[in-house]
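Student: Here the protein sequences come in this chain order: P and S.
The numbering of the first sequence is this note's numbering, which starts it at 348 and goes up by one.
The numbering of the second sequence is this note's numbering, which starts it at 348 and goes up by one.
The beta carbon of each residue, even a glycine, is placed where N, CA and C say it ideally should be.
If you scroll down you'll find the structure; I have some questions about it.
There are 2 protein chains.
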Amino acid sequence: MRVSKEQMAENRSFILKAAKRLFRERGFDGVTVAEVMQAAGLTHGGFYGHFKSKEDLIAHALETAVDEIAESAASANSLEAYASKYLSKGHRENLAGGCVYAALSSEVARLSLECRDVLTDGLKAQLDALSAKAPGKTSEAKRQRAVTAWSAMVGALLLSRVVDDKSLSDEILERTRLAIAR
Amino acid sequence: MRVSKEQMAENRSFILKAAKRLFRERGFDGVTVAEVMQAAGLTHGGFYGHFKSKEDLIAHALETAVDEIAESAASANSLEAYASKYLSKGHRENLAGGCVYAALSSEVARLSLECRDVLTDGLKAQLDALSAKAPGKTSEAKRQRAVTAWSAMVGALLLSRVVDDKSLSDEILERTRLAIAR
DNA sequence: TGTACATCAGTGAACGCGCGTTCACTGATGTAC
DNA sequence: TGTACATCAGTGAACGCGCGTTCACTGATGTAC
């Protein structure tokens with residue numbers, strides 16, 4: 348049952364949206380192509396009309412996930428405000444809708460160069476955006492603040508999710524937020 | 348061909364050693380039981396004489412990997428010295444032999460409670476050890492330094508591995524090292 | 001504008017491969033006498 | 001201490017399931033007249 352060109356484009360974006368959420372929630376190997384298609388409201392057979400392979404889907408899904416982060420950083424009022432939102436309990440609990448670096452970092456480091464390129468470009472944009480918002484007299488000082496704050500944010504969110512003890516998890520987030528606000 | 352009790356204990360430790368390295372290098376799903384056994388110098392059939400399941404192996408391998416980190420932190424001279432070693436290019440390139448949190452963090456957050464318990468206990472020990480080495484007048488100040496430094500170290504190492512651009516990767520490590528030394 | 005036909009997005013069964021796991025077997029270990 | 005037998009760690013073939021991928025088919029879209 349052929350669908351219109353607009354419908355097909357919409358379907359593709361449904362697939363990407365579903366993949367973006369599912370991959371962050373369960374990891375690349377924890378999600379099947381069939382599950383992504385079902386979440387997008389389609390059947391698995393049609394998948395290869397949209398993407399070359401699962402790996403191709405991963406690359407495109409990462410792109411949209413990276414864009415999402417860049418937008419949220421660009422719309423923040425200050426580095427401190429961004430850190431406060433990033434290091435919130437809400438973000439910690441929202442794996443599927445949260446930061447792609449924190450959700451997939453260790454898996455991504457083993458991905459193809461194509462996928463890592465996407466994340467590298469995203470990270471550059473992220474660091475530039477945060478540098479612009481960071482406090483500091485010189486651009487060097489601003490960048491120093493931005494890079495270290497971003498490392499701390501990603502690390503803290505990750506550790507807070509690994510940890511199985513609520514008060515320790517909260518402590519990690521809170522102390523890191525404090526350190527970034529300084 | 349039955350082996351002696353001592354040989355069997357040694358074989359078990361070979362399996363754990365191989366698993367610890369392979370999991371960090373390729374992730375849990377990127378390594379098969381047969382590969383672990385082969386790396387340990389055995390055949391795959393004997394695996395279930397040592398462990399209940401692959402997941403059981405993961406839990407035990409994580410334990411030994413966590414111990415490894417705790418030891419390296421305990422033997423460091425200062426927080427600064429530890430950070431300098433942790434944030435080195437050597438560590439970045441040594442995925443298989445490096446920090447388990449940086450290598451497996453995002454996958455671990457989706458693991459069973461049993462596995463997360465192991466990492467939670469390890470993290471507590473790690474933070475206590477680093478707090479003792481951290482500079483600061485009060486124990487509160489020391490802990491604040493230790494927790495934020497540790498988050499930043501893990502995050503920076505992870506990001507430096509994701510990034511596909513050597514100079515950016517180096518920059519992340521170097522700036523974070525600088526921030527911890529302050 | 002209306003009709004006839006070609007195109008092709010989506011369907012769902014099927015394929016083939018790899019992986020975790022099981023099992024009958026082997027032969028060295030360890031024990032009972 | 002030496003011998004006979006039971007035990008059981010390790011072997012490798014086999015099983016079964018799930019997953020990525022393919023393919024013949026369907027029927028709505030879009031186009032040519």
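I need the DSSP call for residue 375(S), collapsed to helix, strand or coil.
Tutor: In this structure, residue 375(S) counts as coil in the three-state DSSP scheme.
Student: For residue 536(P) and residue 477(P), what's the separation of their Cα atoms in angstroms?
Tutor: Coverage of chain P is limited to positions 348 through 529, which leaves residue 536(P) absent and any answer about it impossible.
Student: Which ranges would you report for the alpha helix (DSSP H) in the region 420-444 of chain P if only whole runs of at least 4 residues count?
Tutor: Taking only runs of at least 4 residues, the alpha helix (DSSP H) segments lying wholly in the region 420-444 of chain P are 426-433 and 436-440.
Student: Throw me the rounded Cβ distance for the residue 466(P) and residue 408(P) pair, which I believe falls under 8 Å.
Tutor: Going by Cβ atoms, the distance from residue 466(P) to residue 408(P) rounds to 12 Å, so no, they are not a contact pair.
Student: Since residue 452(P) and residue 509(S) are thought to touch, with beta carbons under 8 Å apart, how far apart are those beta carbons, to the nearest angstrom?
Tutor: Their Cβ separation, rounded to whole angstroms, is 6 Å, which keeps residue 452(P) and residue 509(S) in contact under 8 Å.
Student: Determine the chain P residues that contact residue 450(S) at a beta-carbon separation under 9 Å, and present them in chain order.
Tutor: Going along chain P in sequence order, the residues near residue 450(S) (Cβ under 9 Å) are 453 and 456.
Student: Along the region 504-519 of chain S, what residues have a CB closer than 8 Å to any CB found in chain P?
Tutor: Listed by position along the chain: 505, 506, 508, 509, 510, 511, 512, 515, 518 and 519.
Student: I'd like to know if the region 505-525 of chain P and the region 425-445 of chain P are in contact, where contact means that at least 3 CB-CB pairs between them fall below 8 Å.
Tutor: Touching, per the Cβ criterion.
Student: Counting only C-beta atoms, is residue 401(P) closer than 8 Å to chain S at any point?
Tutor: No, no contact with chain S.
Student: Ordered along the chain, which non-local residues of its own chain (more than five positions away) have a Cβ less than 7 Å from that of residue 420(S)?
Tutor: For residue 420(S), where only same-chain residues beyond five positions count, the Cβ hits under 7 Å are 429, 473, 476 and 477.
Student: Within the 8 Å Cβ cut-off, does residue 373(S) reach chain P?
Tutor: Yes, because at least one Cβ of chain P sits closer than 8 Å to the Cβ of residue 373(S).
Student: Give a yes or no on whether 8 Å exceeds the smallest Cβ distance from residue 499(P) to chain S.
Tutor: Interface residue, yes.
Student: How is the alpha helix (DSSP H) around residue 469(P) delimited, first residue to last?
Tutor: Where residue 469(P) is concerned, the enclosing alpha helix (DSSP H) stretches over 460-480.
Student: Kindly give me the distance between the Cβ atoms of residue 498(P) and residue 499(S), rounded to whole angstroms, as I take these residues to be in contact under 8 Å.
Tutor: The Cβ separation is near 5 Å, so the contact holds.
Student: Within 10 Å of its beta-carbon, does residue 392(P) have 16 or more other beta-carbons around it, so buried, or fewer, so exposed?
Tutor: Looking at its Cβ environment, which holds fewer than 16 other Cβ atoms inside 10 Å, residue 392(P) is exposed.
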